[in-house]
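Asks: The following block contains the structure, expressed as C-alpha cells.
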Amino acid sequence: MKFVGEFWLLDVAVELEDGNPSIWLWCKDKEGKTCIVKQTYSPSFYIVSDKIRDVLENLRSQQLRVEEVDRKIRGREVKALKVYLNVEDVESAAKKITKGLKNIEVFEEDIRPSTKYLIENGLKPSGGVRVLGKLIEDGVFKIMEAEKVEYIPDMIPPPLHVLSFDAVYYSKSGSPRPERDPVIVISITTLKGLKKQLVGDEKEILREFLKVIEEEDPDVIVGFSSNRIHWNYLVERTRIHGLKLTIGRLNSEPHTSIHGHVSIRGRLNIDLEDMARDIPELTVETLEEFVSYLGLKYSFDTVEDWEVAETWEKNPEKIKRYSLQRAEALLKCYEALVDYIFSLSELTGMPADYVLTASTGFRVENYLMYLAVKKNELIPKKPEISHVSYIGGLVKSPKPGLHKDVVVVDFRSMYPSLMIKYNVSFDTLSEDGEYVSPNNYRFRKEPEGFLPHALKMLISERRRIQEKLKALNPESIESRVLNARQKAVKVISNAIYGYTGWVGARWYTREVAEATTSWGRQVILESMRKAEELGMKVLYSDTDSLFLQDYIGKLESFLKWIEEELGLEAKVDKIYKRILFTEAKKKYAGITEDSKIDIVGLEAVRGDWSMIAREAQRETIKTLLEKGDVKEALKTSRRYVKKIIDGDIELRQLIIWKQITRPLDEYEATQPHIVVARQLIQEGWRIQPGDKVGYIIIRGGGPLYRRVKPYFKASKNEVDWEYYLDKQVMQACMRILEPLGVKLEELKKTGEVSLTDFL
Numbered sequence: 000m001k002f003v004g005e006f007w008l009l010d011v012a013v014e015l016e017d018g019n020p021s022i023w024l025w026c027k028d029k030e031g032k033t034c035i036v037k038q039t040y041s042p043s044f045y046i047v048s049d050k051i052r053d054v055l056e057n058l059r060s061q062q063l064r065v066e067e068v069d070r071k072i073r074g075r076e077v078k079a080l081k082v083y084l085n086v087e088d089v090e091s092a093a094k095k096i097t098k099g100l101k102n103i104e105v106f107e108e109d110i111r112p113s114t115k116y117l118i119e120n121g122l123k124p125s126g127g128v129r130v131l132g133k134l135i136e137d138g139v140f141k142i143m144e145a146e147k148v149e150y151i152p153d154m155i156p157p158p159l160h161v162l163s164f165d166a167v168y169y170s171k172s173g174s175p176r177p178e179r180d181p182v183i184v185i186s187i188t189t190l191k192g193l194k195k196q197l198v199g200d201e202k203e204i205l206r207e208f209l210k211v212i213e214e215e216d217p218d219v220i221v222g223f224s225s226n227r228i229h230w231n232y233l234v235e236r237t238r239i240h241g242l243k244l245t246i247g248r249l250n251s252e253p254h255t256s257i258h259g260h261v262s263i264r265g266r267l268n269i270d271l272e273d274m275a276r277d278i279p280e281l282t283v284e285t286l287e288e289f290v291s292y293l294g295l296k297y298s299f300d301t302v303e304d305w306e307v308a309e310t311w312e313k314n315p316e317k318i319k320r321y322s323l324q325r326a327e328a329l330l331k332c333y334e335a336l337v338d339y340i341f342s343l344s345e346l347t348g349m350p351a352d353y354v355l356t357a358s359t360g361f362r363v364e365n366y367l368m369y370l371a372v373k374k375n376e377l378i379p380k381k382p383e384i385s386h387v388s389y390i391g392g393l394v395k396s397p398k399p400g401l402h403k404d405v406v407v408v409d410f411r412s413m414y415p416s417l418m419i420k421y422n423v424s425f426d427t428l429s430e431d432g433e434y435v436s437p438n439n440y441r442f443r444k445e446p447e448g449f450l451p452h453a454l455k456m457l458i459s460e461r462r463r464i465q466e467k468l469k470a471l472n473p474e475s476i477e478s479r480v481l482n483a484r485q486k487a488v489k490v491i492s493n494a495i496y497g498y499t500g501w502v503g504a505r506w507y508t509r510e511v512a513e514a515t516t517s518w519g520r521q522v523i524l525e526s527m528r529k530a531e532e533l534g535m536k537v538l539y540s541d542t543d544s545l546f547l548q549d550y551i552g553k554l555e556s557f558l559k560w561i562e563e564e565l566g567l568e569a570k571v572d573k574i575y576k577r578i579l580f581t582e583a584k585k586k587y588a589g590i591t592e593d594s595k596i597d598i599v600g601l602e603a604v605r606g607d608w609s610m611i612a613r614e615a616q617r618e619t620i621k622t623l624l625e626k627g628d629v630k631e632a633l634k635t636s637r638r639y640v641k642k643i644i645d646g647d648i649e650l651r652q653l654i655i656w657k658q659i660t661r662p663l664d665e666y667e668a669t670q671p672h673i674v675v676a677r678q679l680i681q682e683g684w685r686i687q688p689g690d691k692v693g694y695i696i697i698r699g700g701g702p703l704y705r706r707v708k709p710y711f712k713a714s715k716n717e718v719d720w721e722y723y724l725d726k727q728v729m730q731a732c733m734r735i736l737e738p739l740g741v742k743l744e745e746l747k748k749t750g751e752v753s754l755t756d757f758l
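Residue numbering for the sequence shown follows numbering that gives the first Met the number 0, beginning at 0 and increasing consecutively.
What follows is the structure, given as C-alpha cells:
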C-alpha cells in the first residue's frame, strides 16, 4: 500500500541487493523508532568531449545507459554524456569504460555514490525527509521502499538514544597493542541513565559489550579517540577471541570510511577527539582539556597512559573510577555540542559523524556540491598541485606599549561581502571583466557568479533564522537548535573565500583568493586614511578590523562612511579599557569594559610553551591590564622567577608539548620533540602524525636535542632550571614587559635572592 511519512535522516549507506546498489536511508520517526528507507539508485558519472557523437556511439556499443544533457564547466555551457551504472565502485568502472577514448574529460566519478545520491536529490543528513512509497515491514525496524524522497528543512531532531563508552587496555611497556594487550575495563553510560562497567575475563567483557549495544540499540555512540584507536583495537581483540564486533545495526561490524572516520551501520559514531583537534587553544587535546575548554564543571581522577599498568596492579578501583568519569563526561560534552554538530551536518550535507572528521575545506566543498547540482555545474576532480602561497589581508604593525580606551571596528564578513560586491568567482574570472581588483584580476559583472550566489544564499538563510528566532522563546528547544544553525551558517560563509585558495579544493582558483584579499587590503587602507582624517588614531589593523583611539564623537560618521562609500557593513566589536601591543603583529592582550581579558597570539595561549611560562605571562598580563601599573606587573613576573629559583614548581608545569605534523622520517633528527618521539617508538609507544609529544629539558652539555627526556621519565633533580628561567619564564614575561620599557636586569631582581647568585 502507498505510504507517506516524515522522518529525520540519521545516516545514509549504499548496500548491495541482488548484486545491485541500493540506497539505505537510516531514519528516525517522530516517536524515535528506527526506520530504513530503501531506494533503487544508479550511480553515474559524466563525460565531456568535442567529439560527443563518437563517444556516445562507443558507450552504447558497451550496452551502457547514457543520457545527453546540458551542463556547465566553470560557468561555460557544454554538452555532456551522463553514464549510468549498476556498480558501487564508480571510479574503477569509469576508468574501464573510458579506456581508449581520446579527447575526453571525465567528471564526478570520484564522488561516493551515497554522497552523489544525497546531493542529486537535495537531501540533508540531520534534516527532515518526506517519503512517498510502500511500507514493507513494521517490526523492530520500519522498512519502506521509496518512490520519492524530499527534503524538509528546519525539522527538530526526534528523541535519540545516546550511549557513551570508554575502554582501557593493559600494557606493561609502551602503547597498548591490540595483537598483544587485553581490554581490562569498558565503561558505558547512556542519556537514559544507564551506568555500567565491564571488568574481569576479557572475552566476557567483549561479549557483554556486544550484548549491551544490542539491548540498548543506541542511535549515537559517543567516544574519544574512537576513530583513531578504540574501534580498530576492539575489532582486533574480538577476533582474537573468535568473536565479531557486531556493534552496527543488522549485526554488522564497523569499517573505516572517508576522512579517517569509522562507520557503524545505522548509528552515528561521534568521536569528540575530532572536535578537540580542531581547537588551537588546547595544549594536548585530552578529554580533560576539552571538558575544561567547554566550560563544563567536571573533575577527573586522571591516570596517565604510562601509569595504567602499575595503577591497575596496585589500585584497580582508581582505573575503574577514571574510566567511568570519562564515559560520563563524554555525555556532558555531547549534550553541550549536539545542536551545533547536527546543524553543521544539515548545512553541509555530511552525516553528523563524517562532518566532525572532515576539514573545513571539505565541509565547504560538500555545501558547494549541492549548489553545483542545482545550477547544472559539473563538479571537477580534486587538483594535483603543490601549495602556492599568496598575500593575505593587511596587517599594520602595532604601536608597542599600553594604550587606554581603544575601540575595535570590525568589518562584518568582509571577504564574503567583497566577493558579492565584485562578483568574484571562478566562473566570472575573465580577461574582459568589468571589475578590476587592485592586483589586476578581472571579473564580469554578469551573470551572477557561482560563489557570490552561494554566499547570498547563506546570508539569506542566516537572516531567515534570525527573524525566526525573534518570535521564539530563547529557552525553547527550537530556539536553541536554530541558534546553533545560524552559527554553522556563519562558519561556512566565512570559509568560502579561503576554500578557493586551498590546493585540495575541487574549485581551487588562486586568482579568486588573491583578488579578494587585495580588495580587502584596499578597504583597510582607505578606512585607515578616513579614520585619521576624522581625527582618530589608528593603533593597529588586522585583516578585517581596526583598533582606534580618540574615537568619541567620530565613530558614528566613520561607520556611516564605510556603509555609504565602501558599500560594506562595519560595527563596534569591542572596546578595550586597556590594551597592550607587543612589537609583533597579531600578538596583543586587552581588557574590555566588562573586565574580560583577551589574549591573542602570545605564549600564554600557545600550547608549545611550558605551563609555568604560560601561567607567568598570563598572570603578568592580568595584573597589568587590571591595575594599569607596570611596577605591579613586574612584581608578578618576579614572583615566577623566584618560583623557579626556589624550585617551587611541579614537574608537570615544566612539560613542553610539540605536535608531530608529518611522518617522523621527514624530520631532521635535531628537533627535541622528534628525538623524544623516536625514543618512545623504540620503547614501544605508538606515535603518529597529529600526536603531541611532551618532554622536559634536563641538565647536561651539548645542544638542546641531546638534553631532553619524555616528561614521565624526568625527575626534578635533573631539570635544567637555567633553561626554564632564561628561555621560558623570563622570555615569556619580557614579551609583556619590554614594550613597557622594563629591562631584563630589572626582572632578575627578585628580592632577597638575585638570579646572578643562583646562576
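Just so it is clear, CB atoms sit at the ideal spot from N, CA and C, and this is done for glycine as well.
1) How would you write the range of the alpha helix (DSSP H) that Arg176 sits in, first residue to last?
2) Relative to the C-alpha of Leu190, which residue among Ala453, Ala335, Asp645, Gly18 is closest?
3) Helix, strand or coil, according to DSSP, for Leu524 in the structure here?
4) Start and end of the alpha helix (DSSP H) containing Ile644?
5) Considering only the alpha carbon of each residue, which of Val511, Tyr40, Tyr704 lies closest to Val89?
6) Give the straight-line distance between the Cα atoms of Phe711 and Trp305, rounded to the nearest whole angstrom.
7) Give every residue of the same chain whose Cβ lies closer than 8 Å to the Cβ of Asn19, excluding the five residues on either side of it in the sequence, and list them in chain order.
8) On the three-state DSSP scale, how would you describe Ile458?
9) If we ignore side chains and look at the alpha-carbon of each, how far apart do Phe449 and Tyr434 end up?
10) Where Tyr83 and Pro112 are concerned, what is the direct C-alpha to C-alpha distance, given to the nearest angstrom?
11) List in chain order: all unbroken alpha helix (DSSP H) runs of 4+ residues lying wholly within the region 271-331.
12) Quick check on Ser424: does DSSP put it in helix, strand or coil?
13) Starting from Asp404, trace the beta strand (DSSP E) in both directions and tell me its first and last residue.
14) Distance check for Leu454 and Ser492, CA to CA, integer angstroms please.
15) Would you please state the rounded distance, in angstroms, between the beta carbons of Leu193 and Glu207? I believe it to be under 8 Å.
16) So, at 8 Å on beta carbons, what are the nonlocal neighbours of Thr660 in its own chain, with the 5 sequence-adjacent residues on each side left out?
17) What's the gap between the Cα of Gly79 and the Cα of Ser43?
18) If you run the structure through DSSP and keep just helix, strand and coil, what is Trp656?
19) Please return the same chain residues whose Cβ sits closer than 6 Å to the Cβ of Gln324, not counting the five positions on each side in sequence.
20) How do the region 716-733 and the region 691-700 stand: do at least 3 beta-carbon pairs fall below 8 Å, yes or no?
21) Report the three-state DSSP secondary structure of Thr755 (helix, strand or coil).
22) Quick check: the Cα distance between Ile46 and Leu346, rounded to an integer number of angstroms?
23) Go ahead and label Leu767 buried or exposed: buried means 16 or more other beta carbons lie within 10 angstroms of its beta carbon, across all protein chains shown.
24) Identify whether Ser163 lies in helix, strand or coil by the three-state DSSP scheme.
25) CB-CB under 6 Å to Lys573, same chain, minus the five flanking residues each way: which ones, in chain order?
26) Is it right to say Asn422 is buried, meaning 16 or more other beta carbons lie within 10 angstroms of its own, or is it exposed?
27) Cβ atoms of Arg236 and Glu182: under 8 Å apart, would you say?
28) Whose C-beta lies closer than 6 Å to the C-beta of Pro175 among residues of the same chain, with five residues either side of it excluded?
29) Excluding the 5 residues flanking Arg479 on each side, which residues of the same chain have their C-beta closer than 6 Å to its C-beta?
30) Is the region 348-355 touching the region 118-133 in the sense that three or more CB pairs, one from each, lie closer than 8 Å?
31) Please give me, in chain order, every unbroken run of the alpha helix (DSSP H) with length at least 4 that falls completely inside the region 504-581.
32) Drop a sphere of 10 angstroms on the beta-carbon of Glu430, count the other beta-carbons inside from all chains shown, and report buried for 16 or more, exposed for fewer.
33) From Val148, Lys115, Trp311, pick the residue whose C-alpha is nearest to that of Leu131; which is it?
34) Mind checking which residues open and close the alpha helix (DSSP H) that includes Gly497?
35) So, at 6 Å on beta carbons, what are the nonlocal neighbours of Ser163 in its own chain, with the 5 sequence-adjacent residues on each side left out?
36) What would DSSP say about Ser256, mapped onto helix, strand or coil?
Replies: Per the coordinate set shown:
1) No alpha helix (DSSP H) contains Arg176, which DSSP labels as neither H nor E.
2) Ala335
3) helix
4) 629-645
5) Tyr40
6) 8 Å
7) Thr39, Asn85
8) helix
9) 16 Å
10) 12 Å
11) 272-275, 286-292, 307-313
12) coil
13) 400-410
14) 6 Å
15) Contact doesn't hold; Cβ gap of about 13 Å is too wide.
16) Pro688, Gly689
17) Reading off the sequence shown, one finds Ala at residue 79, where the question assumed Gly. Whole-angstrom Cα-Cα distance: 12 Å.
18) strand
19) Phe299
20) yes
21) Residue confidence for Thr755 is low, a pLDDT of 42 falling below 50, so the modelled location carries little weight and cannot support an answer.
22) 29 Å
23) With the chain covering only 0 through 758, there is no way to say anything about residue 767.
24) strand
25) Val407, Thr591
26) buried
27) Reading the sequence as shown, one finds Val at residue 182 and not Glu. Their beta carbons are under 8 Å apart, which means Val182 touches Arg236 by this criterion.
28) Tyr168
29) Asp338
30) yes
31) 509-532, 554-560
32) exposed
33) Val148
34) 476-498
35) Thr188, Val221, Ala326, Leu329, Leu330
36) coil
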